[in-house]
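Take a look at the structure set out below.
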Amino acid sequence: QQKNQNKKKKKNKTKTKTQSEKEITFKQMPIISQIQFSLEKQGFVKPTEIQRRSIPPFLDGKDILGNAKTGSGKTLAFMIPCAQLLHKGKFQPRNGVGCLIIAPTRELVLQIMKVAEYIMANQPQTFGHVIGGTDKSEEARKLRNGINLLVATPGRLLDHLQNTRGFVIRNLQCFVIDEADRVLENGFEEELTQIVKYLPKKRQTVLFSATQTRRIKDLAKLSFKEKPMYIGVHDDQ
Ligand code: ADP
Ligand code: MG
């Protein structure tokens, strides 16, 4: 019985700790005031679990493999650190792309752009997107003018990397793949292999997905230099 009681005690203790961690607000996190202001304006007070656990190591430059179900707030989990890293690096248009975010579909790219719009609203860094099925020369012009945070579908991005002169990617700090599982499902593995060859080796890589599959591990091998930090959010937590 004594043993049982101890077990119970231990269980309660862990629960209390998780509980207090869950009370953390964005204000208590190491996020710059420009972004705090944007979050406040959106009415976001508390980070979701994936945000609370990913943002600090992301800001520390760690490579991350993040796993949390749809609707868990993965977009802000990478958008907040990306915006902050660009601000900290004092990126200017002529520095080109500092953060590159890849997503599997045009619709997703546009959704991510909406988040970029409000998170980046109070800082001077530029943001933009390139997607299939749109005017390529207009995109090329914007790339030449300098996009600091670029959101893209894999096919069109590779096209620009291969063909757009004046597209500066050598200062890339951070490479993010969102919905990595769907990137693979949509058959973009070959494009990704090619894209990675154009990116500077010294960079941070972050991969987010809603599922955990064997192929994600393969993609991880392709994108990370060393073993990334794994952050998984599961329903029972
Ligand atoms: P995922 O990419 O994991 O599917 P999203 O990033 O699309 O999730 O976020 C899902 C929804 O939750 C969005 O409507 C978003 O605005 C909202 N959301 C994200 N983070 C927070 C937060 N910290 N507080 C309240 N709502 C949030
Ligand atoms: Mg998402």
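For what it's worth, UniProt numbering labels the leading residue of the sequence shown as 127, then goes sequentially.
Glycine included, each C-beta is placed from N, C-alpha and C at the ideal position.
With a CB to CB cut of under 7 Å and the five nearest residues on each side skipped, what residues in its chain are close to ALA242? MET205, PHE253, LEU275, VAL277
When every heavy atom of the ligand MN is checked, does at least one fall within less than 7 Å of the C-beta of GLU233? In the structure shown, the ligand MN is absent; the only ligands present are the ligand ADP and the ligand MG.
Look at the alpha carbon of GLY313 and the alpha carbon of LYS327, and state the distance between them as a whole number of angstroms. 24 Å
What is the DSSP secondary structure of THR201, counted as helix, strand or coil? helix
Within 8 Å, strictly: CB atoms of residue 86 and VAL302: Outside the modelled stretch of the chain, which goes from 127 to 363, sits residue 86, for which no answer is possible.
Span separating the alpha-carbon of GLY281 from that of VAL171: 37 Å
Quick check: the stretch 227-244 against the stretch 255-265, are at least 3 beta-carbon pairs closer than 8 Å? yes
Counted within 10 angstroms of its Cβ, other Cβ atoms place ILE150 as buried (16 or more) or exposed: exposed
So ASN193 is in the beta strand (DSSP E); what residue range does that whole segment cover? 190-193
On the criterion of 16 or more Cβ atoms from any shown chain inside 10 Å, does GLN363 qualify as buried, or is it exposed? Its pLDDT being 46, under 50, GLN363 is placed unreliably in this model, and the coordinates cannot settle the point.
Contact under 8 Å by Cβ, ILE176 with GLY192: yes
Could you spell out where the alpha helix (DSSP H) holding VAL359 opens and where it closes? Element bounds for VAL359: n/a, residue is neither H nor E.
Report yes or no: is there a C-beta of chain B within less than 8 Å of the C-beta of ASP344? Note that chain B does not occur in the displayed structure, where there is just one protein chain.
Measure the alpha-carbon distance for LEU212 versus TYR244 and round it to whole angstroms. 15 Å
CA nearest to the CA of ARG232, picked from VAL223, ALA247, GLU147, LEU283: LEU283
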